[in-house]
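One structure is given here, and the rest of the page talks about it.
Residue numbers (our numbering): 192 to 498.
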């Protein structure tokens, strides 16, 4: 599994030379018809087809992102999709592997070892459990037991598989973003969208420049800017800077699942529970003696609330 592309979803081909849909999958009563349909759609793509989770989210006309996310998480929980991630600078890179047959504990162990050589570790969202069917069986129902496989962030350990099922649980796993895959082309398109937005709302330019200086990706800059436009009471430079510093530190050391949501939720709470001046002395606020944080982004001397 070398030369992997960041964020790519890969098929685990257990059946060589031909394509088929296992009856056990089609008749699995533990998953929804939507989940069966999504995985069959993914399986139907050519062997050399490379697609990304972000692309999958926008492929279907009648299923929006939230719907696809829910179905995806269902397939992860039921052991048809395995997610891996590794840190790359300030962000995470992801790899996803799927199969029409549930992954057995032995297959997961092999995958974990192989992905570990590339720096990836198992990723479970919100500490979900994965229901995995063991390959070995016993004839006596009295011998059926549950076992637990505890997977650490950088290493894994599996006890001897027992008959019917194995529950895969994790210790604390966090991530900055479900999937951030940015190419020069996508960045160019995102900044083009931002430029169009600033033509309509030129007063937001200092805010956008600040967000860019914080090394946010273009999509996050756009989402935060739109939120601030729709909720103008949030446009307070001191509160924004304080929340950005906190959110950035949180993402760096602990991981944040959805950075934009975390930032905005914290900003709303900060504005609602604390008293901020609506006429900040910008020159004082951004003076050298007050700018004690070494990596605090600089922004233009501009009163964001002045119309």
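For glycine and all other residues, C-beta sits at the position ideal for the given N, C-alpha and C.
Check: What are the boundary residues of the alpha helix (DSSP H) that includes residue 461?
Finding: Run containing residue 461: 450 to 464, per the alpha helix (DSSP H) assignment.
Next item on the list: Count the other CB atoms, across all protein chains shown, that sit within 10 Å of the CB of residue 211; report buried if there are 16 or more and exposed otherwise.
Entry: exposed
Notebook entry, point to check: Using CA coordinates, which residue listed in 312, 392 and 413 is at the minimum distance from residue 273?
Noted result: 312
Notebook entry, point to check: So is residue 226 in contact with chain B if we call contact Cβ pairs under 8 Å?
Noted result: In the structure shown, chain B cannot be found, because there is only a single protein chain.
Next item on the list: Name, in chain order, the residues that DSSP records as bridge partners for residue 313.
Entry: 275
Notebook entry, point to check: Does the separation of the CB atoms of residue 275 and residue 306 fall below 8 Å?
Noted result: It is a contact, given that the beta carbons lie within the stated cut-off.
Checklist line | Beta-carbon proximity of residue 405 to residue 439, cut-off 8 Å | finding: yes
Note to self: Going by DSSP in three states, residue 211 sits in which element: helix, strand or coil?
What the structure shows: coil
Notebook entry, point to check: Counting along the chain, where does the alpha helix (DSSP H) carrying residue 433 start and finish?
Noted result: Here the alpha helix (DSSP H) through residue 433 covers 428 to 444.
Check: If you follow the alpha helix (DSSP H) that residue 306 is part of, which residue opens it and which one closes it?
Finding: 296 to 307
Margin query: Our contact map puts residue 458 next to residue 429 with C-beta atoms below 8 Å; I'd like the distance itself, whole angstroms only.
Written below: At roughly 11 Å, the Cβ-Cβ gap does not stay under 8 Å, so residue 458 and residue 429 are not in contact.
Note to self: What does DSSP give as the partner residue(s) for residue 391 in the beta ladder?
What the structure shows: According to DSSP, which records beta bridges pairwise, residue 391 is partnered with nothing at all.
Notebook entry, point to check: Does the separation of the CB atoms of residue 291 and residue 222 fall below 8 Å?
Noted result: no
Check: Quick one: what's residue 282 bridged to in DSSP?
Finding: 279
Note to self: Less than 6 Å between C-beta atoms, sequence neighbours within five positions excluded: which residues of the same chain meet that for residue 418?
What the structure shows: 455
Checklist line | Closest by C-alpha distance to residue 451, when choosing among 416, 461, 465 and 462 | finding: 416
Margin query: If you follow the alpha helix (DSSP H) that residue 222 is in, where does it begin and where does it stop?
Written below: Counting along the chain, residue 222 falls outside any alpha helix (DSSP H), and DSSP gives it neither H nor E.
Note to self: Since residue 389 and residue 413 should fall inside the 8 Å C-beta cutoff, what is the C-beta to C-beta distance between them, to a whole number of angstroms?
What the structure shows: In fact, because the Cβ distance is near 10 Å, the residues do not count as touching under 8 Å.
Notebook entry, point to check: Mapping DSSP to helix, strand and coil, what is residue 422?
Noted result: Residue state, collapsed to three classes: coil.
Notebook entry, point to check: By a C-beta neighbour count over all protein chains shown, 10 Å radius and 16 as the cutoff for buried, is residue 236 buried or exposed?
Noted result: exposed
Check: With DSSP run on the structure shown, which of helix, strand or coil describes residue 216?
Finding: When secondary structure is reduced to three states using DSSP, residue 216 falls in the helix class.
Check: Could you give the residue range of the alpha helix (DSSP H) that holds residue 400?
Finding: 396 to 404
Item checked: Three-state class that DSSP yields for residue 137 in the structure shown -> Look at the range of the chain in this structure, 192 to 498, and you will see that residue 137 is not part of it.
Margin query: So, for residue 277: in the same chain, excluding its five sequence neighbours on each side, which residues have a beta-carbon less than 8 Å away from its beta-carbon?
Written below: 283, 284, 309, 310, 311 and 312
Check: Closest by CA to residue 425, which one among 445, 466 and 287?
Finding: Nearest C-alpha to residue 425: 466.
Checklist line | residue 240 classed as buried or exposed, judged by whether at least 16 other C-beta atoms fall within 10 angstroms | finding: exposed
Note to self: For residue 264 and residue 248, I'd like the C-alpha separation in whole angstroms.
What the structure shows: 13 Å
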